[in-house]
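Visitor: Pasting in a structure now, in structure tokens, and then I'll have a few things to ask.
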Amino acid sequence: MADAPTSNSSSGEAHTAEAPSYRYNSALAQDIELRWQSYWDDNKTFETPNTAGPLADPAALEGRGEKLFVLDMFPYPSGSGLHVGHPLGYIGTDTYSRYQRMRGRNVLYSMGFDAFGLPAEQYAVQTGQHPAITTNENIANMRRQLHRLGLSHDKRRSISTTDPAYYKWTQWIFRTIFESWYDTDADKARPISELVAEFDSGSRTLADGRNWADLTPTEKEHVLADYRLAYVSHAPVNWCPGLGTVVANEEVTADGRSDRGNFPVFKRNMRQWMMRITAYCDRLIDDLELLDWTDAIKAMQRNWIGRSEGATVHFPSAAGPITVFTTRPDTLFGATFMVLAPEHPLVDELTTPDQAEAVAEYRKAAAAKNEIDRTDDTKAKTGVFTGGTATNPVTGEQVPVWIADYVLMGYGTGAIMAVPCGDQRDFEFARKYDIAIPAIQQPPAEWFAEHDIAATTGSDTSTWPVAYVGDAPYVNSSNDDGLSLDGVVDVASGVATTNAWLEANGHGQATINFKLRDWLFSRQRYWGEPFPVVYDEHDVAHVIPEDMLPVLLPDTDSFSPRTFEPEDANSDPESPLDRLEDWVNVTLDLGDGPKQYRRDTNVMPQWAGSCWYEMRYLDPTNEDRFVDPEVEKYWMGPRTDQRPDHPGGVDLYVGGVEHAVLHLLYARFWHKVLYDLGHVSSKEPYARLFNQGYIMAYAYRDQRGIAVSPDDVTERDGEWFADDAPVSREWGKMGKSLKNAVSPDEMYDDYGADTLRLYEMSMGPLDQSRPWETRDVVGMYRFLQRFWRTAVDEDTGELVVTDDAPDDETMRLLHKTIDAVNTEMDNLRFNTSIAKMIELNNHVTKLDAAPRSVVESMALMLAPLAPHVCEELWAKLGHDGSLAYEPFPVADPALLVEDTVEYPVQVNGKVRGRITVSADADNDTVEAAALAEENVARTLDGAAPKKVIVVPGRMVNIVA
RNA sequence: GCGCCAGUGGCGGAAUUGGCAGACGCGCAAGGUUUAGGUCCUUGUGUCCGAAAGGAUGUGUGGGUUCAAGUCCCACCUGGCGCACCA
Numbered sequence: 027m028a029d030a031p032t033s034n035s036s037s038g039e040a041h042t043a044e045a046p047s048y049r050y051n052s053a054l055a056q057d058i059e060l061r062w063q064s065y066w067d068d069n070k071t072f073e074t075p076n077t078a079g080p081l082a083d084p085a086a087l088e089g090r091g092e093k094l095f096v097l098d099m100f101p102y103p104s105g106s107g108l109h110v111g112h113p114l115g116y117i118g119t120d121t122y123s124r125y126q127r128m129r130g131r132n133v134l135y136s137m138g139f140d141a142f143g144l145p146a147e148q149y150a151v152q153t154g155q156h157p158a159i160t161t162n163e164n165i166a167n168m169r170r171q172l173h174r175l176g177l178s179h180d181k182r183r184s185i186s187t188t189d190p191a192y193y194k195w196t197q198w199i200f201r202t203i204f205e206s207w208y209d210t211d212a213d214k215a216r217p218i219s220e221l222v223a224e225f226d227s228g229s230r231t232l233a234d235g236r237n238w239a240d241l242t243p244t245e246k247e248h249v250l251a252d253y254r255l256a257y258v259s260h261a262p263v264n265w266c267p268g269l270g271t272v273v274a275n276e277e278v279t280a281d282g283r284s285d286r287g288n289f290p291v292f293k294r295n296m297r298q299w300m301m302r303i304t305a306y307c308d309r310l311i312d313d314l315e316l317l318d319w320t321d322a323i324k325a326m327q328r329n330w331i332g333r334s335e336g337a338t339v340h341f342p343s344a345a346g347p348i349t350v351f352t353t354r355p356d357t358l359f360g361a362t363f364m365v366l367a368p369e370h371p372l373v374d375e376l377t378t379p380d381q382a383e384a385v386a387e388y389r390k391a392a393a394a395k396n397e398i399d400r401t402d403d404t405k406a407k408t409g410v411f412t413g414g415t416a417t418n419p420v421t422g423e424q425v426p427v428w429i430a431d432y433v434l435m436g437y438g439t440g441a442i443m444a445v446p447c448g449d450q451r452d453f454e455f456a457r458k459y460d461i462a463i464p465a466i467q468q469p470p471a472e473w474f475a476e477h478d479i480a481a482t483t484g485s486d487t488s489t490w491p492v493a494y495v496g497d498a499p500y501v502n503s504s505n506d507d508g509l510s511l512d513g514v515v516d517v518a519s520g521v522a523t524t525n526a527w528l529e530a531n532g533h534g535q536a537t538i539n540f541k542l543r544d545w546l547f548s549r550q551r552y553w554g555e556p557f558p559v560v561y562d563e564h565d566v567a568h569v570i571p572e573d574m575l576p577v578l579l580p581d582t583d584s585f586s587p588r589t590f591e592p593e594d595a596n597s598d599p600e601s602p603l604d605r606l607e608d609w610v611n612v613t614l615d616l617g618d619g620p621k622q623y624r625r626d627t628n629v630m631p632q633w634a635g636s637c638w639y640e641m642r643y644l645d646p647t648n649e650d651r652f653v654d655p656e657v658e659k660y661w662m663g664p665r666t667d668q669r670p671d672h673p674g675g676v677d678l679y680v681g682g683v684e685h686a687v688l689h690l691l692y693a694r695f696w697h698k699v700l701y702d703l704g705h706v707s708s709k710e711p712y713a714r715l716f717n718q719g720y721i722m723a724y725a726y727r728d729q730r731g732i733a734v735s736p737d738d739v740t741e742r743d744g745e746w747f748a749d750d751a752p753v754s755r756e757w758g759k760m761g762k763s764l765k766n767a768v769s770p771d772e773m774y775d776d777y778g779a780d781t782l783r784l785y786e787m788s789m790g791p792l793d794q795s796r797p798w799e800t801r802d803v804v805g806m807y808r809f810l811q812r813f814w815r816t817a818v819d820e821d822t823g824e825l826v827v828t829d830d831a832p833d834d835e836t837m838r839l840l841h842k843t844i845d846a847v848n849t850e851m852d853n854l855r856f857n858t859s860i861a862k863m864i865e866l867n868n869h870v871t872k873l874d875a876a877p878r879s880v881v882e883s884m885a886l887m888l889a890p891l892a893p894h895v896c897e898e899l900w901a902k903l904g905h906d907g908s909l910a911y912e913p914f915p916v917a918d919p920a921l922l923v924e925d926t927v928e929y930p931v932q933v934n935g936k937v938r939g940r941i942t943v944s945a946d947a948d949n950d951t952v953e954a955a956a957l958a959e960e961n962v963a964r965t966l967d968g969a970a971p972k973k974v975i976v977v978p979g980r981m982v983n984i985v986a
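Letter by letter, the first sequence follows residues 27 to 986 of this note's numbering.
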């Protein structure tokens, strides 16, 4: 072990004449911090050994305990650098990692960069500089800023998604996904070669009745494309002319605009790459049960996947059967009309000549409406009758078929059956267009009373003001073909009975419907991973063989994508790679001799690189695999020793809630494919997810609405002014646009990194958003100053601790603090952990001299939070080397037990006095002492208590 | 509309199982150090009454359970987040 770095302190220079030379101030803090950061680097303090491969180090592993994989959501290396809001989560994970190392865990903790994507490309377009250059500069700057914070990363494991050595494996995983299919019988992904073998052997036949053996190779490829988990589709996609690319459903906001740039998005049929994430709908929902995530995030994922159970029902019509999805097949007897989306393919055939004009007009109007108007549910429902009818399969009656824009082509089948008596929307629609509303449930008397109408029975609903939504016995719900629900109350059995009948009679079947669509995976951009795909002369896609990866992103000056007028829905995407003829046209030998191919010119979406990055930290230099299976198993394998259904994955993953349905859903999907194919041992990538809050800050705008720096704002009588002009105040996430960003560099200069770290951790619980107040930072600065002063003479820099044993009270407080800090740190409650240590320190400052043992314990306990100053004190206390692997203090249970206990004594719930009794006093003794207490006796005024409750160790309550 | 979360001093926030509300920090006040300011140190600080002792009151609102409620139950109000004409 190397010696601790010695001080080359020039800290005195920056002080004013009167200030002591060795006071803990910003200059001294900076000196300490820079020295220890170099020490950690030079001594490879935070390098973590693997069990196998290049990073294996059996000797180092010997000294470490159980593994722990702590992960931050890796950042996008933006050009503007960090502000103090960014590292909140990183400080939390660093503190936790340092704490767990001291608890003996072998902690893997590193940081990479998610560097492909739109902002780098847009910045490059603005400056004319290649995105690779700006990206590398930004990464270097962010590395510097993070390093200055003292984060204990294993830097050997850092990756960038833009590095060809990394994206080689992103392409490899794409290739693997392309070369696999979902076997619904086995309920897992399997290699496509096994599907081909089943077709070849005849054990599996084609659904359309063709004979596999008779197909041409191209026809076979088309069949396989319908099975592959990555496939080219011609379906409607989200085209964003303003960005010049298509985007995924998850990247479109509720008002139909792009997540990035806020441009309009249009539904267009285009040929694009898709990922068959829908094959995993059930598992993505079911396996949420195995995860230690918040209910909020789980709910968001469930909601996004949108599983609903119901039935598909076929309504025969002149244009063929109209299929609807319903969650309430039990209400079929009340279905008196149908509504199709205006774009529904059967509309033309159903429309009668006399309705043709009205239908055409309505469809035109609907097409012209943007998503906002179309989905504005405050507006009255409109619709047009097609003139056509369909047959309700349970009643046999002809029901009119309408079109209305509140029915969406993108959900279910794009057609609904309307049950006006039981659905408020259908009820309003039926009333407006004079369609029959027969009752199929008998509402209870209270419902009629509530709406102030006379109770009705039978099918009459003429007096009903609204639909009846609720459970009630079915009425008028029988037919002559053996289906009867009349009298049944239970919805579940009504649904089951109806489903069975539908299935038996060929009218439909029980169905589970999902909101989730397949993942649109291609983008018409430059700065992303190229697809490892070429097309032959028949336009059949071939993946590039493994040994020919990576497909390098070609260098070019022409990286600017073609963008369009944001409203130009008819424009066509044009990838920058299209222009590179020399690159696009290529001669390759894919196993059947050299042939001409055309490269795919799309790139992958930003999310691709983040779908598996945590695994590359495990084995960053492996050239043969994306991760060595043994190494993956060590770090991410299921911890069945903890609980039998543990899914494996990262032990603690910290990041913002904004990735709830994007990154976290995509990464789970990829991970499950890799699991199915046997490439990883873990079912899930992230066993425990913790969502940190955001740092918020006030922002000010002048009367023109332009953001004003908070530094220029003064407050008078609850109003805010900048240069005597009134400004308005708002509340928002810290950032550049609101001019309310505070740079960590400012904090390093004024207080040092340890103070910044402590302040951010003390502001409140890690999962809560909190306001930044620069003026509050000084509190933690003063704490570190006081702590420093307990151990070090401010004038001489000499250690001033006493070797005398601490007094009893100090010992008890120390061990109480140790006990509490352990618990708080285990649960990521750094704010309360800091409070306990401040209490202990405040006690120690009142002593004549600080006992060495107390200062040592304090230095160790505080080290995860404020590592630099604690390392310095540890060295001053005479220890060699770093304290990073010193055992974290453990409380002596004997010192946690008090000899005497102070009881508050309540009379009728109000505290009237206190008694101190021996800790082992029985209840009668405590009761007697309580009744004897002076103020209690006075309050009771001689009256005999009705009841005395003694809560052992807690309190006494006397009921008078 | 549906789902999730949260409301505690001037501010950020503490308070395992119901058991002394306001830990810790900021701010503020008074005092000390200092030529002064700043720094640093000490003490005080929920609100109301009171010189004090002490008393009353107090965790968004209204009810309830309990010897005892910030904590549990019911209804409501406010704010935040997510989804949203989802059939």
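Cβ atoms here follow ideal geometry from the backbone N, Cα and C, with glycine treated the same way.
1) Please report the straight-line C-alpha distance between Lys759 and Ala723, rounded to a whole angstrom.
2) Here's the rule I'm using: 16 or more other beta-carbon atoms within 10 Å means buried, otherwise exposed. How should Asp948 be labelled?
3) Between the C-alpha atoms of Thr231 and Ala251, what's the straight-line distance to the nearest angstrom?
4) For the stretch 158-176 against the stretch 285-292, are there 3 or more C-beta pairs whose distance is under 8 Å?
5) Whole angstroms are fine: how far does the CA of His905 sit from the CA of Ser35?
6) Measuring CB to CB, does Ser636 end up less than 7 Å from Gln298?
7) So, is Ser763 buried or exposed, given that buried needs 16 or more other C-beta atoms within 10 angstroms?
8) Please classify Ser259: does DSSP put it in a helix, a strand, or coil?
9) Compute the Euclidean distance between the alpha carbons of Ala441 and Tyr552, then round it to the nearest angstrom.
10) Rounded to whole angstroms, what's the CA-CA distance from Thr613 to Asp562? Just pull it up for me.
11) Going by DSSP, what residues sit across from Asp738 in a beta bridge?
12) Going by DSSP in three states, Cys896 sits in which element: helix, strand or coil?
13) Give the secondary structure of Phe626 by DSSP, where H, G and I count as helix, E and B as strand, and everything else as coil.
14) Can you tell which of Tyr122, Ala85, Gln171 has its C-alpha closest to the C-alpha of Ser106?
15) In chain order, what residues of the same chain have a beta carbon less than 6 Å from the beta carbon of Ala843, not counting five sequence neighbours either side?
16) Given a cut-off of 7 Å, decide if Ile429 and Leu372 are closer than it, judged by their beta-carbon atoms.
17) Taking the C-alpha atoms as reference points, what is the distance between Asn961 and Arg938?
18) Quick one: grab the DSSP three-state call for Gly681.
19) Quick one: what does DSSP say Met789 is sitting in, helix, strand or coil?
20) Where does Gly805 fall in DSSP's three states?
21) At the level of alpha carbons, what is the spacing between Pro673 and Pro243?
22) Kindly indicate which three-state DSSP category Met364 falls into: helix, strand or coil?
23) At what residues does the beta strand (DSSP E) containing Arg755 begin and finish?
24) Of the residues Ala567, Asn264, Arg309, Ala595, which one's Cα is nearest the Cα of Gly436?
25) Just checking Leu966 against the ligand GTP - is the residue's beta carbon closer than 6 Å to any of the ligand's heavy atoms?
26) Who are the Cβ neighbours of Lys324 in its own chain at under 8 Å, not counting the five residues just before and after it?
27) Assign Arg174 to buried or exposed, taking buried as 16 or more other Cβ atoms, counted over all protein chains shown, within 10 Å of its Cβ.
28) Would you identify the three-state DSSP class for Tyr692, choosing helix, strand or coil?
29) Let me confirm a value: Leu578 is counted as buried when at least 16 other C-beta atoms fall within 10 Å, else exposed. Which label applies?
30) On a CA-only basis, which of Glu710, Leu546, Tyr692 is nearest Val676? Give me that one, please.
31) Suppose only complete runs of 3+ residues qualify. What are the beta strand (DSSP E) ranges in the stretch 565-634, listed by chain order?
32) By how many angstroms is the C-alpha of Val818 removed from the C-alpha of Glu824?
33) Going by DSSP, what residue range makes up the alpha helix (DSSP H) through Phe292?
34) Are the beta-carbon atoms belonging to Val880 and Leu909 less than 7 Å from one another?
35) Under a Cβ-count criterion, where at least 16 other Cβ atoms within 10 Å of its own Cβ denotes burial, should Met574 be classed as buried or exposed?
36) Going by DSSP in three states, Cys266 sits in which element: helix, strand or coil?
Guide: Walking through what the data contain:
1) 6 Å
2) exposed
3) 16 Å
4) no
5) The pLDDT assigned to Ser35 is 41, lower than 50, so where the model puts this residue is not dependable; a value taken from the coordinates is nonetheless given after this. The alpha-carbon atoms of Ser35 and His905 are separated by roughly 19 Å.
6) no
7) exposed
8) strand
9) 40 Å
10) 10 Å
11) Paired residues: none, contrary to the question.
12) helix
13) Going by the sequence as given, residue 626 is Asp instead of Phe. Correct three-state label for Asp626: coil.
14) Gln171
15) What sits at residue 843 in the sequence shown is Thr, not Ala. Lys862, Leu866, listed in sequence order.
16) no
17) 6 Å
18) strand
19) coil
20) helix
21) 40 Å
22) strand
23) 751-759
24) Asn264
25) As for the ligand GTP, it is missing from this structure, which has no ligand bound.
26) Leu314, Leu317
27) buried
28) helix
29) exposed
30) Glu710
31) 567-569, 611-615, 620-625
32) 5 Å
33) That residue, Phe292, is in no alpha helix (DSSP H); its beta strand (DSSP E) goes 292-295.
34) no
35) exposed
36) strand
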